[in-house]
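In our numbering, the protein residues as written are 722 to 920.
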């Protein structure tokens, strides 16, 4: 890792509705997975329960996953400035993705649902560097490749890109939603780590 890589952190923003279930759990898992890298992961909600903690069911799941910062999380409202500052925006659903793009139109180029980005980054053109002298440049190129891959997907191919919303649902729904998140994360984590790999 070069000095320039360390000087410029990558910023990932995770978005759901209330910012107390899906987006904080995803953000905490990502943060844990790349804690040794200069990657900043934040979360926010399109209709956030501002100042509210994660529900007990989410806190239990977070504890089972060794996510130490979950008890201190509080819901935060999505802001246009946060979207504009991000290198990648990951959303829980397609409706959240639309909300982000309507709030900050430029972000359509780097906003994906969590499951969509996971699927597409896992099948887009290989190669950790993808050109660029810094991690930020390499990651921007990787995101562009994923966006191009999204544009080329045939219209008749359907994918369920929305995460299940567990809020105020039964415990098993929280567990299913968490599984959807953990299943989607490995390719995303790999894409973040790959841009710091030197040839």
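We put the beta carbon where it would ideally sit given N, CA and C, even for glycine. Keep in mind it's a predicted model, so treat the numbers as computed, not measured.
Judged by their CB atoms, residue 734 and residue 913 are not nearer to each other than the 8 angstroms cut-off. Under the three-pair Cβ rule at 8 angstroms, the segment 804-820 does not count as touching the segment 776-789. DSSP, reduced to helix, strand and coil, places residue 762 within a strand of the structure shown. Take residue 804, set aside five residues on each side of it, and the residues of its chain with a beta-carbon closer than 7 angstroms to its own are 734, 810, 821, 824, 825 and 828, in chain order.
Separation of the CB atoms of residue 916 and residue 868 is rounded to 16 angstroms, and the pair is thereby denied contact status at 8 angstroms.
Contact annotation: residue 773 and residue 743 have beta-carbon atoms that are not nearer than 8 angstroms. When secondary structure is reduced to three states using DSSP, residue 731 falls in the strand class. Put simply, of 895, 898, 792 and 763 the residue whose alpha carbon is nearest the alpha carbon of residue 798 is 763. No residue range can be given for residue 829, since it is assigned to no alpha helix (DSSP H) and is classified by DSSP as neither H nor E. In the DSSP assignment, residue 809 falls outside any alpha helix (DSSP H) and within the unbroken beta strand (DSSP E) covering 809-812. Assigned with DSSP and collapsed to three states, residue 834 falls in strand.
The Cβ atoms of residue 736 and residue 766 lie closer than 8 angstroms to each other.
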